[in-house]
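The numbering of the sequence shown is our numbering, which starts it at 67 and goes up by one.
Step one of this worksheet: look at the structure below.
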Amino acid sequence: MTRPTRRPAFLGQTALVGVGYTPFSKRSGRSVLSLATEACKQAIADAGLTPDEIDGIASFRFMEDSVPTSAVATTLGLPRSNYLLDSGLGGQAPCYLVMHAAMAVHAGLAKHVVVFRALNGRSGARVGTNRVPGPATDFRYPVGLSAYAQFIAMWGRRYMIETGATHDDLAAVAIAQRAWAAENERAVLRKPLSLDDYYAAPWVADPFRVPDCTIEVDGACAVVVTSLERARDLQHRPVAIEGAAYVAGRGPGLDMGDALLWPDLSRNYTSLLAEDLWGGAGLAPAEVDVAEIYDCFTTSALIGIEGSASRRGAGPAPSFAPARRGRAARSRSTRTGACSRRAICTA
């Protein structure tokens, strides 16, 4: 039974008005607080605002890899913070935080909210190396379940079994991401990737080779959220938030390994939130020209596309061939994705 379409009140009433980021590198040589502060300052300036006008701040940490919002608020010199949100989430957090910032603005809790993500993901804390003792980790670490690739590989292999997807399909995603990266001066990996290069790359966790996996880097990025009414008086054309949805399915619970309790590992969260997302936006998948799908791993991008629209039958996987400027084509993951640019704030 299809649920009635609902449109949250903040949609169409809030907007993104500024963006900032640091360089992305393998070794920043800086504290996470310094990175976070720089990205926030750039986003605030890009919006045509000053720190004195920011009264809300939001971010997330995973296994204590970042800094609390209160620390960044202090370093920025915010006179007061009416809204602070520190969340303990993973890759879904950026969209979740922007959505919550928009709700806070619409509810009148804050006028201008800066949302940031900062970490030394390459030179600092890395998932799989800093085990937190406990009943769950004591069982899963000895069998090799310690990092993202090993968990998401479960989804990837199940997806391939259910759909008939091949390694050529995964390679197409990685190759397209690298092609976009070649045109992005901020990307970390810009050297073109061929099909031969893909198949020659070392295995990480079946079905993933190195190009299938997100790259960990040091850096930070930030955006500013405000009301659409206030946004019209700022220096850039605002990007209105017309659609947003969030859903929590089964797992993860107290441990990352609980995510394996997901009832169908050939699908992910997009299959649960698609109805709310499209219903709230008043759009259909066929009307989208550019789709920036969360792509921490190549199969995640394919599962995300199909979860956002509909599961394909037998035949080729969704095309990831880069659309060139001036040509009418649907583009996917043009920012180069987490497998070629960086894994800082993707979703």
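Beta carbons are placed, not taken as given, at the ideal position from N, Cα and C, and that holds for glycine.
message = Looking only at its chain, what residues have a beta carbon closer than 7 Å to the beta carbon of residue 156, apart from the 5 residues adjacent to it on each side?
response = What you label residue 156 is simply residue 90 of the sequence shown in a count that begins at 1. 128, listed in sequence order.
task = Locate the beta strand (DSSP E) running through residue 161, then write down its first and last residues.
result = Counting from 1 along the sequence shown, the entry for residue 161 is found at position 95. No beta strand (DSSP E) contains residue 161, which is instead part of the alpha helix (DSSP H) from 159-172.
task = Spatial neighbours of residue 279 within its chain, please: CB distance less than 7 Å, with the 5 preceding and 5 following residues excluded, ordered by chain position.
result = Your numbering for residue 279 matches position 213 in the sequence shown. If we look at residue 279 and ignore the five residues flanking it on each side, its Cβ neighbours are 215, 270, 363 and 405.
query = Between the Cα of residue 143 and the Cα atoms of 118, 336 and 204, which residue gives the shortest distance?
reply = Here residue 143 corresponds to residue number 77 of the sequence shown, with the count starting at 1. Comparing Cα positions, the closest option is 118.
query = When every heavy atom of the ligand ZN is checked, does at least one fall within less than 7 Å of the C-beta of residue 359?
reply = Within the structure as shown, the ligand ZN is missing, as the structure has no ligands at all.
key: Start-to-end residues for the beta strand (DSSP E) that takes in residue 280   = As a working note, residue 280 is residue 214 in the sequence shown. Unbroken run through residue 280: none, as it is neither H nor E.
query = Three-state secondary structure (DSSP) at residue 218?
reply = Here residue 218 refers to the residue found at position 152 of the sequence shown. DSSP places residue 218 in helix when its eight states are reduced to three.
query = Along the chain, where does the alpha helix (DSSP H) that runs through residue 344 open and close?
reply = The sequence position of residue 344 within the sequence shown is 278, counting from 1. Residues 336-347.
key: residue 357 versus 346, 345, 373 and 298, residue with shortest Cα-Cα distance   = Numbered from its first residue, the sequence shown carries residue 357 at position 291. It is 373 whose Cα lies nearest to the Cα of residue 357.
ask   = If you draw a straight line from the alpha carbon of residue 187 to that of residue 282, how long is it in whole angstroms?
value = Residue numbering aside, residue 187 sits at position 121 when the sequence shown is read from its first letter. Residue numbering aside, residue 282 sits at position 216 when the sequence shown is read from its first letter. Straight-line Cα distance between these residues: approximately 5 Å.
key: Inter-residue spacing [alpha-carbon to alpha-carbon] between residue 339 and residue 251   = What you label residue 339 is simply residue 273 of the sequence shown in a count that begins at 1. What you label residue 251 is simply residue 185 of the sequence shown in a count that begins at 1. About 33 Å.
query = Applying the criterion that 16 or more other CB atoms from any shown protein chain within 10 Å of the CB defines a buried residue, is residue 159 buried or exposed?
reply = Position 93 of the sequence shown holds residue 159. It counts as buried.
inquiry  = Taking 8 Å as the limit between beta carbons, can you name the residues of its chain near residue 146, skipping five residues before and five after?
reply    = Looking up residue 146 in the sequence shown gives position 80. These residues qualify, in order along the chain: 121.
query = Around the Cβ of residue 240, are there at least 16 other Cβ atoms within 10 angstroms (buried) or fewer (exposed)?
reply = For the purposes of this step, residue 240 is taken as residue 174 along the sequence shown, with counting starting at 1. Under this definition residue 240 is a buried residue.
message = Taking a contact to mean a Cβ-Cβ separation below 8 Å, would you say residue 172 touches residue 79 in this structure?
response = Within the sequence shown, the letter at position 106 stands for residue 172. Within the sequence shown, the letter at position 13 stands for residue 79. Yes, the Cβ-Cβ distance between residue 172 and residue 79 is below 8 Å.
request  = With DSSP as the reference, label residue 131 as helix, strand or coil.
outcome  = Residue 131 sits at position 65 when you count from the first residue of the sequence shown. In this structure, residue 131 counts as coil in the three-state DSSP scheme.
request  = Would you tell me roughly how many angstroms separate the C-alpha atoms of residue 137 and residue 231, rounded to the nearest one?
outcome  = Translated into the one-based positions of the sequence shown, residue 137 becomes position 71. Translated into the one-based positions of the sequence shown, residue 231 becomes position 165. In a straight line, the C-alpha of residue 137 is about 46 Å away from that of residue 231.
Enclosing alpha helix (DSSP H) for residue 103 [first to last residue] = Here residue 103 corresponds to residue number 37 of the sequence shown, with the count starting at 1. First-last of the alpha helix (DSSP H) with residue 103: 98-112.
message = For residue 227, count the other beta carbons within 10 Å of its own beta carbon; 16 or more makes it buried, fewer makes it exposed. Which is it?
response = Within the sequence shown, the letter at position 161 stands for residue 227. Answer is exposed; the Cβ neighbour count stays below 16.
ask   = Is the segment 98-114 in contact with the segment 175-191, if contact means three or more CB pairs nearer than 8 Å?
value = yes
inquiry  = By DSSP's criteria, residue 148 is part of a beta bridge. Which residues make up the other side?
reply    = Translated into the one-based positions of the sequence shown, residue 148 becomes position 82. Bridge partners of residue 148: none, in fact.
ask   = Is the segment 83-92 close to the segment 288-303, with three or more CB pairs under 8 Å?
value = yes
key: Whole runs of the alpha helix (DSSP H) within the segment 246-310, excluding any shorter than 4 residues   = 261-266 and 294-297
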